[in-house]
Amino acid sequence: MPGPDPSPAAIEMGLLDRLRAAGGDYVSIDELASGLAWERVRVLAGLDAMSAFGFAIERHPYRGAAYRGPSSRLCPDQIEHALGTIRIGRRIAVWDRVVSTNDLAASASGSPSNEGLVILAEEQAAGRGRLGRTWASPARSSILMSVLLFPPRSSPTGAPDDVAWLTAVAAVAVAEVVADRVGRASAIKWPNDVRVDGRKIAGILVERPASALGSAAVLGIGLNVNLKRDDFPEDLRDRATSIQIERSGEPDDRSEIARDLIRRLDWWYEIVVREGPDELVPSWRDRSEHLGQFVRVETPEGSKHGRLVDLDFRTGLVLEPSGGEPWMRLAPAEVLAVGSTEGDGGLWTSEPSGG
Amino acid sequence: MAESPQESSGPLDVERIHYLARLMKRYDLSSLDLADGPVQIRLRRRGPEILAMGSVAVTQPTTPGYAPPIPVAASPPAPTVQPPAAEKGLTIESPMVGTYYTSRAPDAPPLVTVGTVVHPGTIVCIIEAMKVFTDIPAGVSGTIVEVLAKNGQAVEFGQPLFRVNPS
Numbered sequence: 006m007p008g009p010d011p012s013p014a015a016i017e018m019g020l021l022d023r024l025r026a027a028g029g030d031y032v033s034i035d036e037l038a039s040g041l042a043w044e045r046v047r048v049l050a051g052l053d054a055m056s057a058f059g060f061a062i063e064r065h066p067y068r069g070a071a072y073r074g075p076s077s078r079l080c081p082d083q084i085e086h087a088l089g090t091i092r093i094g095r096r097i098a099v100w101d102r103v104v105s106t107n108d109l110a111a112s113a114s115g116s117p118s119n120e121g122l123v124i125l126a127e128e129q130a131a132g133r134g135r136l137g138r139t140w141a142s143p144a145r146s147s148i149l150m151s152v153l154l155f156p157p158r159s160s161p162t163g164a165p166d167d168v169a170w171l172t173a174v175a176a177v178a179v180a181e182v183v184a185d186r187v188g189r190a191s192a193i194k195w196p197n198d199v200r201v202d203g204r205k206i207a208g209i210l211v212e213r214p215a216s217a218l219g220s221a222a223v224l225g226i227g228l229n230v231n232l233k234r235d236d237f238p239e240d241l242r243d244r245a246t247s248i249q250i251e252r253s254g255e256p257d258d259r260s261e262i263a264r265d266l267i268r269r270l271d272w273w274y275e276i277v278v279r280e281g282p283d284e285l286v287p288s289w290r291d292r293s294e295h296l297g298q299f300v301r302v303e304t305p306e307g308s309k310h311g312r313l314v315d316l317d318f319r320t321g322l323v324l325e326p327s328g329g330e331p332w333m334r335l336a337p338a339e340v341l342a343v344g345s346t347e348g349d350g351g352l353w354t355s356e357p358s359g360g
Numbered sequence: 028m029a030e031s032p033q034e035s036s037g038p039l040d041v042e043r044i045h046y047l048a049r050l051m052k053r054y055d056l057s058s059l060d061l062a063d064g065p066v067q068i069r070l071r072r073r074g075p076e077i078l079a080m081g082s083v084a085v086t087q088p089t090t091p092g093y094a095p096p097i098p099v100a101a102s103p104p105a106p107t108v109q110p111p112a113a114e115k116g117l118t119i120e121s122p123m124v125g126t127y128y129t130s131r132a133p134d135a136p137p138l139v140t141v142g143t144v145v146h147p148g149t150i151v152c153i154i155e156a157m158k159v160f161t162d163i164p165a166g167v168s169g170t171i172v173e174v175l176a177k178n179g180q181a182v183e184f185g186q187p188l189f190r191v192n193p194s
């Protein structure tokens with residue numbers, strides 16, 4: 006397996022911030038040097054390092070330097086800069102190409118000091134999707150992230166198999182980040198996809214590897230960022246989307262998104278660990294796709310139809326069948342898939358998944 | 028929505044019927060009688076062998092006239108059906124509700140099969156609930172002699188998944 010991405014050129018975040026704050030205008034080298042109280046030579050070296058890393062920095066012999074855009078590579082310095090999280094992101098490793106970020110994170114589960122470890126990869130050979138559908142997104146196009154955690158052994162509800170909140174934490178965090186970046190609503194499709202206008206933009210897959218320490222969990226997230234419609238296989242084009250597509254074609258800064266995602270994951274994880282999964286239910290429910298709509302629910306006993314009256318990641322769905330029959334409660338284990346009956350092809354489940 | 032989900036606890040409890048139907052399916056039951064008063068349960072399985080049968084009096088002892096259910100009916104003496112191997116063996120039970128998977132990926136070989144020697148830490152299967160995939164360790168030492176669940180099957184808490192001949 007290839008090692009972590011080589012050439013970890015240190016990016017001077019103070020310099021980057023100043024350039025970005027200028028909103029694309031030139032800033033003179035002297036101004037940058039005096040503002041940072043640096044020698045000119047350090048400013049120039051810093052600019053060189055940024056260009057070498059792939060940041061679009063425009064240089065002009067008289068006017069100085071201007072920030073034109075992020076690097077196409079994930080920048081660990083940018084992700085870690087003023088991260089301010091409690092647990093998640095205490096260690097961040099960016100890999101170039103891995104078989105599976107989830108496997109890498111799981112392999113670190115033997116030591117408690119690895120809690121909060123974030124593995125990011127530019128490219129993943131074997132992201133997991135359970136239905137045998139695999140599709141690998143192009144290198145440097147997505148956020149492929151796995152987070153190692155040691156959730157408390159017994160959940161606040163005391164149920165040993167109460168683990169759905171792990172998926173829900175990731176789903177809410179991802180949905181918030183997506184809505185923030187695209188400026189529109191995003192929805193959580195039961196139980197682990199995040200979608201925009203009925204198109205999948207992210208998938209989540211949590212694994213609980215057996216660990217000597219008891220309860221390890223790896224949150225795997227795959228979020229489509231800088232992909233154009235043509236980058237998707239033809240059969241997915243109407244069902245999948247990306248942040249770039251939802252921003253009318255404008256690419257986004259993946260390092261910024263990764264940083265934002267780590268912060269929101271940390272925020273929600275701490276809330277659940279401290280106060281229990283109840284605190285997460287309203288945010289999760291409010292973002293749930295299909296709430297109030299007519300849906301088809303696939304169960305091991307066949308399809309159920311009705312209006313989705315309520316849903317909760319711990320207790321399941323409540324359906325109101327048409328025809329006046331009593332409401333039906335379906336436990337999470339009975340729900341294989343939920344889709345709109347208006348036929349949005351919404352019953353496909355997992356890919357491109359994290360993991 | 029101010030209203031809360033209705034409790035369907037009338038005579039037609041759809042939920043319970045569903046549950047029972049699933050139970051019957053899982054254990055391949057051909058009939059099942061239930062009473063609620065002084066609890067009385069009778070389960071019959073297709074074919075000669077009877078899975079379980081019993082009558083449990085919870086509060087008062089059964090009334091004098093009450094005849095306990097007779098198991099004989101469905102068991103023609105003839106072809107002795109072998110009880111599942113390892114009568115005295117161990118079982119590995121599911122620690123949670125979810126979907127049972129034999130392997131980590133659809134194209135991967137099963138984690139264990141009949142004949143596999145397992146130790147307490149050996150991962151024998153994966154159980155998924157809400158896209159959380161949990162590794163299930165054997166918890167015992169021995170040899171797998173029977174795999175009781177099918178790939179992709181829904182399993183309940185405590186449901187036996189494997190029979191193991193202790194080593």
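Same order as they appear, the protein sequences are chains A and B.
Following the numbering used here, the numbering of the first sequence begins with 6 at its first residue and continues without gaps.
Following the numbering used here, the numbering of the second sequence begins with 28 at its first residue and continues without gaps.
Beta carbons are placed, not taken as given, at the ideal position from N, Cα and C, and that holds for glycine.
Proximity below 9 Å, CB of residue i to CB of residue j
i	j	result
A/G106	A/G225	Note on identity: in this sequence residue 106 of chain A is Thr, with Gly being the wrong assignment. Yes; because the gap between Cβ atoms is below 9 Å, this pair is in contact.
A/A141	A/A130	yes
B/V145	B/A176	no
A/A144	A/A221	no
A/S147	A/V230	yes
B/I153	B/Y128	yes
A/D317	A/V286	yes
A/T246	A/R200	yes
B/I163	B/P122	yes
A/L24	A/A71	yes
A/L171	A/V211	yes
A/L109	A/R259	no
A/R47	A/A38	yes
Buried or exposed (CB count within 10 angstroms, at least 16 for buried), residue i
i	result
B/V141	exposed
A/V183	buried
A/D291	exposed
A/P81	buried
A/I193	buried
A/D271	buried
B/A156	buried
A/P75	buried
A/Y274	buried
A/P196	buried
A/G40	exposed
Chain A residues whose Cβ lies nearer than 7 Å to that of residue i
i	result
B/K158	T172, P196, N197, I209, L210, V211
B/I150	A215
Simplified DSSP assignment, three categories, for residue i
i	result
A/L153	strand
B/T89	Only weak support exists for where B/T89 lies, its pLDDT of 37 falling under 50; the value from the coordinates is given anyway. In the structure shown, B/T89 sits in coil (DSSP, three-state: anything other than H, G, I, E or B).
A/F60	coil
A/M333	strand
A/V168	coil
A/I91	coil
A/Y274	helix
B/V139	coil
B/V191	strand
A/E280	helix
A/V286	helix
A/R68	coil
A/N229	strand
A/V199	strand
A/L210	strand
Within chain B, the residues that residue i reaches when beta carbons sit closer than 8 Å
i	result
A/V103	Here the premise fails: no neighbours, minimum Cβ distance about 16 Å.
A/F318	M157
A/A169	A156, M157, V159
Chain A contact residues for residue i, given Cβ-Cβ distances below 9 Å
i	result
B/V124	D166, A336, P337, A338
B/P164	A215
Inter-residue CB distance, residue i and residue j (contact presumed, cutoff 8 Å)
i	j	result
A/L125	A/V99	5 Å
A/G94	A/L149	Not really, about 16 Å apart at Cβ, beyond 8 Å.
A/R73	A/G29	7 Å
A/V187	A/R252	6 Å
B/G169	B/P193	4 Å
A/I97	A/V123	5 Å
B/V211	A/V168	In the structure as shown, chain B starts at 28 and stops at 194, and residue 211 of chain B therefore has no counterpart that could be examined.
A/L218	A/F155	6 Å
A/R68	A/L52	Their Cβ separation, rounded to whole angstroms, is 13 Å, which puts A/R68 and A/L52 out of contact at 8 Å.
B/V191	B/T126	At roughly 22 Å, the Cβ-Cβ gap does not stay under 8 Å, so B/V191 and B/T126 are not in contact.
Amino acids of chain A, ordered along the chain, whose beta-carbon sits closer than 8 Å to that of residue i
i	result
B/V118	Note on residue identity: the sequence assigns Thr, not Val, to residue 118 of chain B. Correct list: empty, because the minimum Cβ distance to chain A is about 18 Å.
Neighbour list for residue i in chain B, Cβ cutoff strictly below 7 Å
i	result
A/P305	A181
Heavy atom of the ligand MN within 8 Å of residue i beta-carbon
i	result
A/H86	Looking for the ligand MN in the displayed structure turns up nothing, as the structure carries no ligands at all.
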